[in-house]
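Worksheet: one structure, shown below.
Chains as they are written, first to last, in this note's numbering: chain A, 64 to 398; chain B, 202 to 399; chain C, 2 to 202.
Okay, here's the thing in structure tokens:
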């Protein structure tokens with residue numbers, strides 16, 4: 064073990080980053096695969112069904128079967144599609160979804176972070192990368208050259224811009240409390256109290272906007288099956304559809320990670336339960352958040368589009384602003 | 202304000218309902234591996250029975266055919282010759298065919314049969330890829346001699362009786378390509394009509 | 002330096018593509034590439050906050066709105082129709098502008114005093130954007146914005162506010178706000194009065 068650490072320390076930076084990235088990619092993709100299975104199971108149980116259980120014991124090989132199916136499917140491009148952008152769009156989604164993990168820390172060991180890059184402006188970079196993710200959806204919908212994807216992508220654009228504002232506002236409340244933009248610094252600032260207690264409104268706003276940002280029920284207007292067939296990915300098939308699908312779930316995972324880092328204390332152990340390592344706490348918190356996501360999907364019906372927009376602009380944004388102002392006031396007054 | 206609080210309450214109740222459903226008993230029957238119990242007299246696929254001495258019960262009287270509201274049964278009777286007796290009576294069914302696509306599984310054939318030869322079993326898995334294979338001819342309907350007499354319909358236990366596997370075996374051992382061709386049925390019906398007229 | 006030239010080439014090429022693309026959506030994609038390269042250039046200059054802001058504001062918000070509008074317009078699907086060739090007429094002012102630009106650049110370079118270049122952590126991912134007293138850091142940026150440059154900042158805020166109010170006035174519903182319940186009550190009252198009146202006559 065020591066020898067391994069010594070070699071790693073001696074290795075050049077680019078090699079270390081490469082190894083870390085490959086490892087993390089593996090972890091994220093596996094987590095995605097099982098998050099999908101987990102979701103289908105949870106949804107099944109909540110609807111009095113057993114969920115997937117045919118492939119492997121308890122359906123544990125279902126992700127592999129799904130992957131094989133997607134790979135073997137025919138890759139179709141509609142005649143009216145714009146070939147270049149139609150092919151480019153899934154990659155934009157996928158790359159932005161994964162790129163976020165370059166700055167997310169997962170744990171800490173003797174003062175060294177478990178992250179690819181410890182960026183001081185981490186949260187800003189995170190927002191920057193995730194703000195590009197909308198291009199995949201809106202370009203993909205446009206380039207499909209058919210009306211349902213176009214409607215889906217137009218909805219996606221409007222929805223994601225609208226909710227991104229409130230989301231950023233809810234971040235700023237945390238930033239004021241933590242006094243730093245570094246994700247690790249924010250986690251350290253939560254050593255005594257997790258921020259979802261002083262920032263309970265901020266947390267609520269974040270949860271709502273996070274669901275809207277990742278286009279999940281009840282805000283999945285972007286791919287509303289009942290009205291838009293499949294939304295922006297109607298025309299996509301095979302691996303290109305798979306890319307969008309992976310991106311959606313990885314974004315979900317990202318959102319859960321951000322919630323954990325910003326509001327749920329990151330890898331800090333609650334109630335002084337420090338015998339369980341921090342990374343496990345992190346995983347548990349992310350898992351709990353993901354479960355909440357799926358619970359939400361099983362419980363709430365889809366919003367109507369105009370209500371979604373009205374809610375975002377007329378309720379959520381003022382509420383987030385108010386939360387920000389009050390937080391700033393309290394912090395300023397307490398000195 | 203009160204209304205909004207009520208809405209929040211409704212939301213929370215919704216969440217609690219979905220959460221509690223996770224731990225409820227799931228009514229799913231995992232079909233291919235677990236099969237549902239049927240009523241004792243469930244109307245499924247037909248079979249032709251035999252007597253204890255392995256003689257066919259069917260005497261080719263065509264009562265089932267005339268009772269059939271869906272016109273799904275075709276019987277062509279023939280005389281038993283003394284050295285090759287199929288049934289104890291004078292006549293036997295030379296051909297006996299049921300088009301299971303036409304059949305409405307009403308069980309009138311069962312009631313019409315004077316010798317209890319045609320019986321509806323609880324077997325319902327008849328799916329196939331070829332239309333022709335749904336016309337069951339005598340070789341698929343008649344239980345093999347080793348199946349024995351079998352239970353009378355009203356004496357069956359709940360679920361699928363043990364003596365019903367035989368027809369299924371016959372079906373599975375039959376070569377699908379040499380199965381009955383539905384186009385012949387028209388000719389049979391025509392000859393039957395001609396016979397009735399003349 | 003190699004990084005700079007690579008980024009510069011990408012910047013210029015994507016800028017040309019933005020202008021030259023026949024389909025408006027291609028222009029948006031090119032502009033997106035341009036912004037990304039520009040952000041990367043900012044990072045190499047140690048202005049990480051600026052880079053991030055560049056992406057969040059321009060790529061994440063403004064350009065998305067461009068795309069939104071273009072996708073909604075029919076012109077997003079069809080290529081631009083070939084109009085009259087305006088290049089010869091545009092060449093003279095464009096050439097003049099380029100000359101002026103280069104002139105200014107040369108003037109600036111000639112008068113510039115050599116400054117201490119940014120040291121140490123240039124190009125490193127472990128930038129010091131969160132620390133104070135480092136060029137381009139979030140803390141310094143914020144401090145500068147709210148102290149030395151407070152007046153321009155507030156003026157900008159005011160201008161943006163004017164724009165917002167203008168949009169609301171131009172696009173919004175100009176009829177005064179009527180509470181729906183009050184409106185319903187009014188209609189009901191009028192109906193009741195009308196019925197009473199009829200009954201009385």
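Don't be surprised by glycine CBs; every beta carbon is placed ideally from N, CA and C.
Would you check if there are 3 or more beta carbon pairs closer than 8 Å linking the region 234-247 of chain A to the region 182-199 of chain A?
-> Taking a contact to require three or more Cβ pairs closer than 8 Å, the region 234-247 of chain A and the region 182-199 of chain A qualify as touching.
Could you tell me the boundaries of the beta strand (DSSP E) in which residue 295/B lies?
-> Counting along the chain, the unbroken beta strand (DSSP E) around residue 295/B starts and ends at 292-300.
Give the DSSP-derived three-state secondary structure of residue 386/A in the structure shown.
-> Helix, per DSSP.
With C-beta atoms as the reference, is residue 249/B less than 8 Å away from residue 309/B?
-> Not a contact, by the Cβ cut-off of 8 Å.
Taking only beta-carbon positions, decide if residue 362/A is within less than 8 Å of chain B.
-> So yes, residue 362/A belongs to the interface.
Inspect the CB distances between the region 195-213 of chain A and the region 298-318 of chain A and report whether three or more fall short of 8 Å.
-> Yes, the region 195-213 of chain A touches the region 298-318 of chain A.
Boundaries (first-last residue) of the beta strand (DSSP E) holding residue 146/C = Careful: residue 146/C lies outside any beta strand (DSSP E), inside the alpha helix (DSSP H) at 139-147.
When we look at the beta-carbon of residue 341/A and count the other beta-carbons within 10 Å, is it buried (16 or more) or exposed?
-> So residue 341/A ends up on the buried side.
Are the C-beta atoms of residue 111/A and some chain B residue less than 8 Å apart?
-> True, the Cβ-Cβ gap to chain B drops below 8 Å.
What residues from the region 222-245 of chain B come within 9 Å of chain A, judged by C-beta to C-beta, listed N to C?
-> For the region 222-245 of chain B, residues whose beta-carbon sits nearer than 9 Å to a beta-carbon of chain A comprise 222, 223, 224, 225, 226, 227, 228, 229 and 231.
May I have the straight-line CA-CA distance separating residue 97/C from residue 160/C, to the nearest angstrom?
-> If I take the Cα positions, the gap works out to 31 Å.
Against chain C: residues of the region 194-212 of chain A by CB proximity under 8 Å = Listed in sequence order: 194, 195, 197, 198, 201, 202, 204, 205, 206 and 208.
Are the region 275-283 of chain A and the region 119-126 of chain A touching by the rule of at least three beta carbon pairs closer than 8 Å?
-> The region 275-283 of chain A is not in contact with the region 119-126 of chain A.
Which chain A residues sit within Cβ distance under 9 Å of residue 72/C?
-> Those are 201, 202, 204, 205, 213, 216, 217 and 220, listed as they occur along chain A.
Opposing strand residues paired with residue 278/B [DSSP bridges] | According to DSSP, residue pairing for residue 278/B in a beta bridge involves 294/B.
Return the residue from the list 176/A, 349/A, 182/A and 313/A that minimises the CA-CA distance to residue 89/A.
-> Nearest C-alpha to residue 89/A: 313/A.
Quick one: list the residues of chain A neighbouring residue 68/C, beta-carbon separation under 8 Å, in chain order.
-> One finds 198, 201, 202, 205 and 220 in chain A with Cβ atoms closer than 8 Å to the Cβ of residue 68/C, taken in chain order.
Output the distance between the C-alpha atoms of residue 20/A and residue 256/B, rounded to the nearest integer angstrom.
-> This structure leaves residue 20/A out entirely; chain A is present only between 64 and 398.
Per DSSP, which one or two residues make a beta bridge with residue 251/B?
-> Residue pairing by DSSP puts residue 251/B in a beta bridge opposite 257/B.
Using a beta-carbon distance below 8 Å, is residue 191/A in contact with chain C?
-> Closer than 8 Å to some Cβ of chain C, the Cβ of residue 191/A qualifies, so yes.
Spell out whether any CB of chain A is found under 8 Å from the CB atom of residue 103/C.
-> Using a CB distance cut-off of 8 Å, residue 103/C does not count as an interface residue toward chain A.
On the three-state DSSP scale, how would you describe residue 298/A?
-> It is coil, neither helix nor strand.
Buried or exposed by the 16-neighbour rule on C-beta atoms within 10 Å, applied to residue 253/B | Residue 253/B should be labelled exposed.
Buried/exposed call for residue 331/A, threshold 16 Cβ in 10 Å | It is buried - the Cβ of residue 331/A has at least 16 other Cβ atoms within 10 Å.
If you draw a straight line from the C-alpha of residue 239/A to the C-alpha of residue 222/A, how long is it?
-> Computed Cα separation, rounded: 27 Å.
How about residue 258/B and residue 282/B: do their beta carbons lie closer than 8 Å?
-> Not closer than 8 Å, so no.
For the ligand SAM, is there a heavy atom less than 7 Å away from the beta-carbon of residue 323/A?
-> This structure lacks the ligand SAM; in fact it carries no ligand of any kind.
DSSP three-state call for residue 366/B: helix, strand or coil?
-> Bear in mind that the predicted position of residue 366/B carries a pLDDT of just 43, short of 50, making it too unreliable to give a figure here.
Express the C-alpha separation of residue 122/A and residue 121/C in angstroms, rounding to a whole number.
-> Confidence at residue 121/C is low in this model, with a pLDDT of 41, below 50, so the placement of that residue is unreliable and no value is reported for it.
Please confirm if residue 215/B has its CB atom under 8 Å from at least one CB of chain A.
-> For residue 215/B, at least one C-beta of chain A is nearer than 8 Å to its own C-beta.
Have a look at residue 276/A and residue 245/B and give me their C-alpha separation to the nearest angstrom.
-> The C-alpha of residue 276/A lies about 53 Å from the C-alpha of residue 245/B.
Does the beta-carbon of residue 149/A have 16 or more other beta-carbons within 10 angstroms, so that it is buried, or is it exposed?
-> Counting Cβ neighbours within 10 Å, residue 149/A comes out buried, since at least 16 surround it.
Using the Cα positions of residue 262/A and residue 143/C, report the straight-line distance between them to the nearest angstrom.
-> Straight-line Cα distance between these residues: approximately 23 Å.
Cα separation between residue 207/A and residue 288/A?
-> Taking the straight line from one Cα to the other gives about 17 Å.
For residue 342/A, the first and last residue of its enclosing alpha helix (DSSP H) = Start and end: 341-362.
Contact set for residue 308/A: own chain, Cβ-Cβ below 6 Å, skip 5 residues either direction = There are no such residues.
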